[in-house]
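> Offset between the sequence shown (1-based) and my numbering: plus 57.
Glycine included, each C-beta is placed from N, C-alpha and C at the ideal position.
These figures come from a predicted structure and were not determined experimentally.
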Amino acid sequence: MPVVVDFWAEWCGPCLQLGPVLERAIAAREGKVELAKLDVDANPALTRTYGVQGIPAVKAFKDGEIVAEFVGAKAPAAIDKFLDELVPSEAEELLANGDEESLRRAVELAPSRADAVVPLARILHERGEDDDALKLLERVPASFAGQGLAARIELERTRKPDLTDAFAALDEGEHAHALDLLLAALPDADGARDDVRRVVVGVLDALGVDDPLARESRRRLAAALY
């Protein structure tokens, strides 16, 4: 949960103006953000630690780090904007749940969010509802993960080449073995080479750019293709 700290003092007129506005705005967010008020006169060491040179100073913390701040009194609309950027949206909260109902609602709220569309498409694919999964993935054409899943569905339908073992390894989280099988299939994949490539790229995207397996597999993919 984000925490907003209001650095203030009794003698500071703008602080006394800002305080109630900030308190009302945070109360309206119903427990999604906490407010802490710190009297700079009573806490000079903390005031120095956080580099406060003018008040009112408002600093927002997440995971112990300052992620946003401003100095001076602000209008209610500006404070609302400041807080809205800290508090997770409804779609983000639904994504954190991860269940099908939550994902469907997240997709309704944000139809082009790949981090909602692709997990929901995976659930549909696992249930055998591949046509619905493909239709859903059309919403996120720029997603490597989405392209990879769509390519996997097409390859499973044609079984040319037969990548059953590779997909089974992928589902078990055996990424190294799955990538070995997928890359080995590329030279003889004929018309399915691009689909195999897209599956590999989707796996690499999920692993992340800094993953050692992903770095090595990118090199192997380039060698197999070019």
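#1: For Ile112, does the three-state DSSP call read helix, strand or coil?
#2: State the Cα-Cα distance for the pair Ala233 and Ala226, rounded to the nearest angstrom.
#3: Does the structure place the region 90 to 107 close enough to the region 62 to 75 that three or more beta carbon pairs sit under 8 angstroms?
#4: Which residues bound the beta strand (DSSP E) around Ala124?
#5: Say whether the region 163 to 183 touches the region 133 to 152, bearing in mind that this needs 3 or more beta-carbon pairs closer than 8 angstroms, one atom from each stretch.
#6: Give the single residue among Glu186, Asn154, Asp187 and Gly185 whose Cα lies nearest to the Cα of Asp172.
#7: At 4 residues or longer, what runs of the alpha helix (DSSP H) sit wholly inside the region 144 to 223?
#8: What do you reckon, are the CB atoms on Val90 and Leu152 nearer than 8 angstroms?
#9: Give the range of the beta strand (DSSP E) segment to which Val60 is assigned.
Reading off the structure:
#1: For this step, residue 112 is matched to residue 55 along the sequence shown. The answer is coil: DSSP assigns Ile112 none of H, G, I, E or B.
#2: For the purposes of this step, residue 233 is taken as residue 176 along the sequence shown, with counting starting at 1. For the purposes of this step, residue 226 is taken as residue 169 along the sequence shown, with counting starting at 1. Rounded to the nearest angstrom, the two C-alpha atoms are 9 angstroms apart.
#3: In the pairwise beta carbon analysis, the region 62 to 75 is classified as touching the region 90 to 107: at least three pairs are separated by under 8 angstroms.
#4: Within the sequence shown, the letter at position 67 stands for residue 124. Looking at the sequence shown, residue 124 is not Ala but Val. The continuous beta strand (DSSP E) containing Val124 extends over residues Glu122 to Val128.
#5: The answer is yes - the region 133 to 152 touches the region 163 to 183, with three or more Cβ pairs under 8 angstroms.
#6: Within the sequence shown, numbered from 1, the residue matching residue 172 stands at position 115. Residue Asn154 holds the alpha-carbon nearest to the alpha-carbon of Asp172 among Glu186, Asn154, Asp187 and Gly185.
#7: Taking only runs of at least 4 residues, the alpha helix (DSSP H) segments lying wholly in the region 144 to 223 are 147 to 154, 157 to 166, 171 to 183, 187 to 194 and 201 to 215.
#8: Residue numbering aside, residue 90 sits at position 33 when the sequence shown is read from its first letter. Residue numbering aside, residue 152 sits at position 95 when the sequence shown is read from its first letter. No.
#9: As a working note, residue 60 is residue 3 in the sequence shown. First-last of the beta strand (DSSP E) with Val60: Val60 to Trp65.
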